[in-house]
Amino acid sequence: MTNRILVLYGSYRSDRMGIRLAQFALDRLRRRGDGVELIDAKAVGLPMLDRMYKEYPANEAPAALEKLAGQIRDADGFVFITGEYNWGVQPGLKNLTDHFLEEWFWRPAAIASYSAGRLSGARSASAWHGTLSEMGMVVVSSTVAVGPIAHSLSEDGAPIGEGGKALEQAFKRFADDLMWWVEAAKAQRQRRAPPY
Ligand SMILES: Cc1cc2nc3c(=O)[nH]c(=O)nc-3n(C[C@H](O)[C@H](O)[C@H](O)COP(=O)(O)O)c2cc1C
132 MTNRILVLYG
142 SYRSDRMGIR
152 LAQFALDRLR
162 RRGDGVELID
172 AKAVGLPMLD
182 RMYKEYPANE
192 APAALEKLAG
202 QIRDADGFVF
212 ITGEYNWGVQ
222 PGLKNLTDHF
232 LEEWFWRPAA
242 IASYSAGRLS
252 GARSASAWHG
262 TLSEMGMVVV
272 SSTVAVGPIA
282 HSLSEDGAPI
292 GEGGKALEQA
302 FKRFADDLMW
312 WVEAAKAQRQ
322 RRAPPY
C-alpha cells in the first residue's frame, strides 16, 4: 500500500542548508515505495500570510493556498524538516503551517531537526512538537537530529562522515515509526469517520 507523505521545509535563506536534509528524507522515503512530495515554503513563495486558508470564502483563496490545502488534505502523514533560529522555529515554515488547521487533522507527523552545531536543532524540534500537536497531528516519538549539518550531508543530500552514518542508521527506525502510525491512522479513518 502506497502512503502519501509530505516533507515540509521552510528556510528562505539564500545559502540554506536544511534543503540537504529535505532531499535525504525524500530520497529515503521514496526508496521505501511511498509517494513523497516536497513542500518547500520558499519555492511556493508565500508572503507573510494575513488570513488563514479557511477564512477565505470558498474558491477565493489564493491559488498557492488552495493547492497546499489539497496537498495537505490528501496526505497520509507529514515529515517536518526543522532548522533552528535563536532557539526557535523558522518563520517561513511556521507561516505556512499556521495558516491551515483542519487540513492537518487526524494524521501523524514526524520531526527531523538540524543545525550548524552539535545540538542539531533540538530546541526547535521541541517547539514544533507542541505546535504540531496543537494543530491536530499525532507526533511520533522517533526523531532524527542532524548536526553539524555541513559535516553530515553533502550538497546533494548524501550522508557523509560519522554524522551521515548516524543519520542513515537512525532514519530507518524514524521512518518505520512514522509509517506504522500512518497506516494505523489510515485504517482507522476508513473504519470510522473522525469525530469532528
Ligand atoms: C538567524 C539565525 C539564527 C540561528 N540560531 C541558531 C540557534 O539558535 N541554534 C543553532 O544551533 N543554530 C542557529 N543558527 C545556525 C543554523 O543552525 C544554520 O545557519 C542552519 O544552516 C540554518 O538553516 P537553513 O540553512 O536551512 O536556513 C542560526 C542561524 C541563523 C541564520
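Residue numbering for the sequence shown follows the numbering used here, beginning at 132 and increasing consecutively.
The C-beta atom is built at its ideal place from N, Cα and C for all residues, glycine as well.
Limits of the unbroken alpha helix (DSSP H) element including Phe209: Unbroken run through Phe209 is the beta strand (DSSP E), 208-213; no alpha helix (DSSP H).
Is any non-hydrogen atom of ligand 1 found closer than 7 Å to the C-beta of Ser246, if you look at the structure I gave you? yes
Would you kindly work out how many angstroms separate the C-alpha atoms of Ala156 and Val138, rounded to a whole number? 8 Å
Express the C-alpha separation of Ala253 and Ala301 in angstroms, rounding to a whole number. 15 Å
Would you check if the distance between the CB atom of Gly278 and the CB atom of Leu298 is smaller than 8 Å? no
Exposed or buried, Glu191, counting other C-beta atoms within 10 Å across all chains shown (16 or more means buried)? exposed
Examine the Cβ distances between the stretch 165-177 and the stretch 198-212 and report whether three or more of them are shorter than 8 Å. yes
Kindly indicate which residue of Asn217, Trp235, Leu263, Ile150 has the alpha-carbon position closest to the one of Gly201. Trp235
Indicate, with yes or no, if ligand 1 has a heavy atom lying under 7 Å from the CB of Met266. no
Beta-ladder partner(s) of Asp171, from DSSP: Tyr140
Member of Ser257, Asn226, Gly294 whose CA lies at the smallest distance from the CA of Gly248: Gly294
Under three-state DSSP, which class holds Pro239? strand
Spatial distance of Gly267 from Trp237 (CA atoms): 6 Å
Measuring CA to CA, which of Val210, Glu186, Ala153 is closest to Val313? Val210
Can you name the start and end residues of the alpha helix (DSSP H) that Ser145 belongs to? Premise fails: Ser145 is in no alpha helix (DSSP H) and is neither H nor E.
Nearer than 7 Å: is that true of the beta carbon of Gly252 relative to any heavy atom of ligand 1? yes
From the DSSP output, which residues share a beta bridge with Met268? Arg238
Please classify Pro326 as buried or exposed, where buried requires at least 16 other C-beta atoms within 10 Å of its C-beta. exposed
Go to Trp311, then tell me how far its alpha helix (DSSP H) extends in each direction, as first and last residue. 292-322
Using CA coordinates, which residue listed in Ile212, Met179, Lys173, Arg163 is at the minimum distance from Trp259? Ile212
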